[in-house]
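A short worksheet on the structure shown next.
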Amino acid sequence: MKKLLVISVAVILASGVSSHAQSPRPWTLSQCIEYARQNNLQVKMEEISVEQAEGNLTQSKWDLAPAVNAGLSHSMSWGRSVNLQTLEIIKNKRSMSTSGNLSASATIFSGFSKLNSIKSNATSLEIAREQVEKVKNDITIQITRAYLQLLLSREIERSAIESCNSTQEQVERTAKLVDAGSQAYSTLLEVQAQLANEKSQLVSASSDVRTNLLTLVQLLDLPAEEARNFDIVPPDSTLNEDILPEGTLDGIYTQALQLPQVKIAEYNLEKSKYDYKAIRARMLPSLSVQAGYGSYYTDGQSGAFFTQFEHNKNPSLGFSLSIPVFNGLSARMASRNARLASENTAIMLEVQKQSLYKEIQTAYNEAFNALERMKAARENMRSIQESFTYTENKFNVGMMNATDYNIAKTNLFKAISAYYQAKYQYLFELKILDFYKGKAINL
Numbered sequence: 089m090k091k092l093l094v095i096s097v098a099v100i101l102a103s104g105v106s107s108h109a110q111s112p113r114p115w116t117l118s119q120c121i122e123y124a125r126q127n128n129l130q131v132k133m134e135e136i137s138v139e140q141a142e143g144n145l146t147q148s149k150w151d152l153a154p155a156v157n158a159g160l161s162h163s164m165s166w167g168r169s170v171n172l173q174t175l176e177i178i179k180n181k182r183s184m185s186t187s188g189n190l191s192a193s194a195t196i197f198s199g200f201s202k203l204n205s206i207k208s209n210a211t212s213l214e215i216a217r218e219q220v221e222k223v224k225n226d227i228t229i230q231i232t233r234a235y236l237q238l239l240l241s242r243e244i245e246r247s248a249i250e251s252c253n254s255t256q257e258q259v260e261r262t263a264k265l266v267d268a269g270s271q272a273y274s275t276l277l278e279v280q281a282q283l284a285n286e287k288s289q290l291v292s293a294s295s296d297v298r299t300n301l302l303t304l305v306q307l308l309d310l311p312a313e314e315a316r317n318f319d320i321v322p323p324d325s326t327l328n329e330d331i332l333p334e335g336t337l338d339g340i341y342t343q344a345l346q347l348p349q350v351k352i353a354e355y356n357l358e359k360s361k362y363d364y365k366a367i368r369a370r371m372l373p374s375l376s377v378q379a380g381y382g383s384y385y386t387d388g389q390s391g392a393f394f395t396q397f398e399h400n401k402n403p404s405l406g407f408s409l410s411i412p413v414f415n416g417l418s419a420r421m422a423s424r425n426a427r428l429a430s431e432n433t434a435i436m437l438e439v440q441k442q443s444l445y446k447e448i449q450t451a452y453n454e455a456f457n458a459l460e461r462m463k464a465a466r467e468n469m470r471s472i473q474e475s476f477t478y479t480e481n482k483f484n485v486g487m488m489n490a491t492d493y494n495i496a497k498t499n500l501f502k503a504i505s506a507y508y509q510a511k512y513q514y515l516f517e518l519k520i521l522d523f524y525k526g527k528a529i530n531l
């Protein structure tokens, strides 16, 4: 009858309580995390941002190189023209000319604006890289939570199945006692009502399993084929549940300062300082050099094409000094705003550190609280299990009514569920602390 009950429940649940257990490739928590870190679309978007930042850095370095330009022109004209050798006016004659030039310009000094721009872009690249790691860490936490939630729902489902099987056996035993006249028919009805209630609990537990499985699959962004066959590795029954969180609060905080969110805030402060220096350089004089070389050919002169180009060459070299005098205070206001932005970024760094410390405080406290709740729930579950065994034995010999039996059975299921919830909440808090300590999350 026990097997028949499981089969009947599977039929009732349409999609199958244990259909997810047919997967040929169960995934561990580590495999789920690694897959998400490599294939998540948000991660790929952030990786493109890294490539863009690399391009901006390369461009800012090339901005130090001189600007070189070349030009070539050819023109024809009719009517009056001038013989460039004799300066005589030529009438009604078509004339042609060709000219070419090569020019170069470079900034010698601009208050180190370009050098600071390079440093700013280099820092932007580091920010983009840390942002990738931050997104990966966020996904890691989400995957861990979903994975443990799925394990929890399966534990509750398994308990619900065991409870249904036990009550089914009790229904069969009570029916025999009723037939023998040892129990009232009302007792059988009450036990059957309890079985119906536990089947409803099983339906709800199985629904939670399917929902949590779907949540994990969606977080992984699995292809349709892999999603259909997806399953996870069952929890390790030898897992030591009484492990205390390792490390002191301040020690964990010191390790957590290497997390991407802190690094991003530090790099933002560094970048704001470079931006301020680059903007402030606009208030300083700038010196640049220009060089050029040009020549031309015209049919108004005698001589072959290349001969004229040789004779008509025109090299040039010049320097220019630009001194800001008054520009409507735009440079001064831009410099002031950049300085204030840098000060604000420094405050944001401290806010980030304070926020991180508070998060660790909360996680550290929650881990100890969850451990105590788990211990209490485990003791309560064991006590209720012993009490229920005594109650069930009394009920079997007719020394207890069905109502008290049903109440005891319901309390046992609640105690088991409460224990599993406390257990997986504690495991999650431990993994959060591992995350802050920079450890790889696994079970």
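Quick note, the sequence shown lines up with residues 89 to 531 if you use my numbering.
Yeah, the Cβ is synthetic: ideal placement off N, Cα and C, and Gly gets one too.
| Asked | Found |
| --- | --- |
| Own chain, CB closer than 6 Å to Ala248, minus 5 neighbours either side, in chain order | Gln289, Leu290, Ala293 |
| Straight-line gap, Thr211 to Tyr507 (C-alpha atoms, nearest Å) | 49 Å |
| Asp151, DSSP secondary structure in three states | coil |
| Cutoff 6 Å; reference Val223; Cβ partners in own chain excluding five residues on either side | Gln130, Val131, Glu134 |
| Thr116, DSSP secondary structure in three states | coil |
| Straight-line gap, Leu308 to Val220 (C-alpha atoms, nearest Å) | 17 Å |
| Ile244 versus Glu354 - alpha carbon distance | 45 Å |
| From Met184, Thr195, Thr116, Ser165, residue whose alpha carbon lies closest to that of Trp150 | Thr195 |
| Option nearest Asn128 by Cα separation, candidates Ile227, Ala158, Leu515 | Ile227 |
| Alpha-carbon to alpha-carbon, Glu517 and Leu283 | 36 Å |
| Pairwise C-alpha distance: Leu213 and Tyr123 | 25 Å |
| Nonlocal neighbours in the same chain, by C-beta distance under 6 Å from Ser251, ignoring five residues either side | Glu286, Phe501 |
| Cutoff 7 Å; reference Pro114; Cβ partners in own chain excluding five residues on either side | Asp319, Ile320, Val321 |
| Residue environment, Pro311, which counts as buried when at least 16 other CB atoms sit within 10 Å | exposed |
| Backbone CA spacing between Leu372 and Ala455 [nearest angstrom] | 57 Å |
| Assigned exposure category for Leu117 - 16 Cβ within 10 Å defines buried | buried |
| Close Cβ partners of Leu337 (< 8 Å) along its chain, the five nearest in sequence each way excluded | Ile448, Gln449, Tyr452 |
| Alpha-carbon spacing of Val84 relative to Ala510, whole angstroms | One cannot answer for residue 84 here, as it falls past the ends of the chain, which runs 89 to 531. |
| Gln378: first and last residue of the uninterrupted beta strand (DSSP E) it sits in | 374 to 386 |
| Distance between Leu515 and Gly335 (C-alpha atoms, nearest Å) | 16 Å |
| Residue(s) in a DSSP beta bridge with Leu345 | BP columns for Leu345 are empty, so no partner. |
| Inter-residue spacing [alpha-carbon to alpha-carbon] between Glu431 and Val156 | 40 Å |
| Paired residues, beta bridge with Ala194 - DSSP | Val377 |
| Reference Asn144, options Ile121, Ala216, Ser165, closest by Cα | Ala216 |
| Contacts around Ala72, its chain only, beta-carbon distance under 6 Å, and the 5 residues preceding and following it disregarded | Residue 72 cannot be examined here, being either before or after the span of the chain that is shown, 89 to 531. |
| Gly159 (DSSP reduced to helix, strand or coil) | strand |
| Separation of Tyr445 from Asp522, as counted between CA atoms | 15 Å |
| Beta-ladder partner(s) of Met537, from DSSP | Residue 537 falls outside the range modelled here, since the chain spans only 89 to 531, and no answer is possible. |
| Per-residue DSSP class, three states only, for Ile136 | helix |
| Same chain, Cβ closer than 6 Å to Ala379, five either side skipped, listed in chain order | Ala192, Leu405 |
| Straight-line Cα distance separating Leu375 from Ser408 | 6 Å |
| Cutoff 7 Å; reference Leu160; Cβ partners in own chain excluding five residues on either side | Gly188 |
| CB contact flag (Tyr384, Ser183, <8 Å) | no |
| Closest by C-alpha distance to Asn484, when choosing among Phe197, Ser148, Lys264, Gln140 | Lys264 |
| Rounded Cβ spacing between Leu357 and Thr232 (contact assumed at less than 8 Å) | With a Cβ gap of about 31 Å, Leu357 and Thr232 do not count as contacting. |
| Given Lys202 as reference, the closest of Gly269, Gln147, Lys463, Leu239 once Cα atoms are compared | Gln147 |
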